[in-house]
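Novice:
There are 2 protein chains.
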Amino acid sequence: MYSISEVAAKVNIKPHTIRFYEKEGIIEPLRDENGVREFDDALIKWLMFIKKLRETQMPITDLKKYALLFKEGDHTARERLMLLENHQKKIQHQIETLKATDEMLDGKIAAYKKHVLNKSHR
Amino acid sequence: MYSISEVAAKVNIKPHTIRFYEKEGIIEPLRDENGVREFDDALIKWLMFIKKLRETQMPITDLKKYALLFKEGDHTARERLMLLENHQKKIQHQIETLKATDEMLDGKIAAYKKHVLNKSHR
DNA sequence: GTAACTGTTAAAGTTCACTTTAAGGCAAGC
DNA sequence: GCTTGCCTTAAAGTGAACTTTAACAGTTAC
C-alpha cells in the first residue's frame, strides 16, 4: 500500500491532481482507519494507464466514462472497447498529422541551414 | 487577391480567427482603398504553414515570435531556425509518446475483443 | 514537540486559444 | 434599396484541466 505522495512520485502526477481525479470519479482509492488514502498496485496501474491516455489527449470526460463503465461491470466491456478503439483512431490520425509536419519541417530546416551557412561565410 | 472569407475556406481557418491572428501580430494582410483585407498567395502559404504548426501544438506565442523575427529581417534566420528545430524535437517526442500508447492500446483492445467475443457465444 | 504529511470543503484563479456579442457603419451586387 | 459581406473596438464568455488558496485539523516520523 502506498500513500498519495508515494504514488505521486511513482506515476508523476501531483497529489492535488490525484485528489482531483478522485473527485471526478476517475479513481476510488481505499482509506485506512484515519481516512488516509491507500493505493494498491492495481490502482497504480490504473493511474499509469490514465497517464498514458491523458498524454495522448484523451479528455477527462472519456476517462470518467471509462471508469464508470468499468465500475458497472462486465456487461459494459463492449462499450469500453469502443471507447478505446475510438481513442486509438484519434491517436493514429494525430501521428499522421505530426509526421507530415515533421517532414515539412525537415525541408524548411534544411533550407534555413543552407541559408545560415552561407551567411556565416561572409 | 483573396478576401478573408475566400481565404478562410481555402485554409480552413475562420475569418474571426484570421482577424485574431492579425491582432496578435502573426499576419499582416494588405488592405484595399476601403480598408478591406486582401490576401495574396504568399500570405495564404504562410497561413497554411501556421495551420500545420498549430495542428502540432506550437503555441501562439512561438508563432508570434517567428513572425516578428521574420519581419526583423535576414539576420534573424538563425533564431528562426532554432525555433523550428525546437518545435520539430517536440513533434518527434510526441510521435514517440503516441506510438507507445498506440501499441499499448493494441494489447488492451485485443484482450477486450477476446473477452467480448467469448461473451457473445453464451 | 514540531515539522512534515495527511485530510476536508469550497471557491477562486490560471492558461490557452479562441469564440461570441454588441453596436455601429461602409460598400458592392442584384 | 436591401441583403450580404466587409470593417471597427472592446469586452465578455467558453471549455479544458488543472492549480491555488484559505483555513483548519488530525497523525506520524525523528
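From first to last, the protein sequence lines are chains C and V.
The numbering used here applies: residue 1 is where the first sequence begins, and numbers increase by one.
The numbering used here applies: residue 1001 is where the second sequence begins, and numbers increase by one.
Here a beta-carbon is modelled for each residue, glycine too, at the ideal position from N, C-alpha and C.
(1) Please report the straight-line C-alpha distance between F1070 (chain V) and E1028 (chain V), rounded to a whole angstrom.
(2) Measuring alpha carbon to alpha carbon, tell me which of V:A1110, V:I1050, V:L1117 ends up nearest I1018 (chain V).
(3) Could you check what DSSP says for E1055 (chain V) in three-state terms: helix, strand or coil?
(4) What does the Cβ neighbour count give for A1067 (chain V), buried or exposed, with the cut at 16 atoms within 10 Å?
(5) The alpha helix (DSSP H) that contains K1071 (chain V), what's its start and end?
(6) Pop quiz: I1060 (chain V) and D102 (chain C) are said to be a contact at Cβ under 8 Å. What is the actual Cβ separation, rounded to whole angstroms?
(7) Please say whether L98 (chain C) and T1056 (chain V) have beta carbons closer to each other than 7 Å?
(8) Compute the Euclidean distance between the alpha carbons of K119 (chain C) and N1086 (chain V), then round it to the nearest angstrom.
(9) Under 8 Å by Cβ, that's how I've got K108 (chain C) and L1084 (chain V) pegged, so tell me the actual separation to the nearest angstrom.
(10) Name, in chain order, the residues that DSSP records as bridge partners for L1030 (chain V).
(11) For the stretch 1107-1120 of chain V, which residues have a beta carbon sitting closer than 8 Å to at least one beta carbon of chain C?
Specialist: Taking the geometry as given:
(1) For the pair F1070 (chain V) and E1028 (chain V), the Cα-to-Cα distance works out to about 12 Å.
(2) Out of V:A1110, V:I1050, V:L1117, V:I1050 has the C-alpha closest to the C-alpha of I1018 (chain V).
(3) Helix at E1055 (chain V).
(4) Result: buried.
(5) 1060-1072 is the extent of the alpha helix (DSSP H) around K1071 (chain V).
(6) With a Cβ gap of about 20 Å, I1060 (chain V) and D102 (chain C) do not count as contacting.
(7) In contact: T1056 (chain V) and L98 (chain C) (Cβ atoms closer than 7 Å).
(8) Spanning the two alpha carbons is a distance of roughly 21 Å.
(9) Contact annotation, K108 (chain C) with L1084 (chain V): C-beta distance approximately 6 Å; criterion of less than 8 Å satisfied.
(10) According to DSSP, residue pairing for L1030 (chain V) in a beta bridge involves V:E1038.
(11) Answer set for the stretch 1107-1120 of chain V: K1108, I1109, Y1112, K1113, H1115, V1116, K1119.
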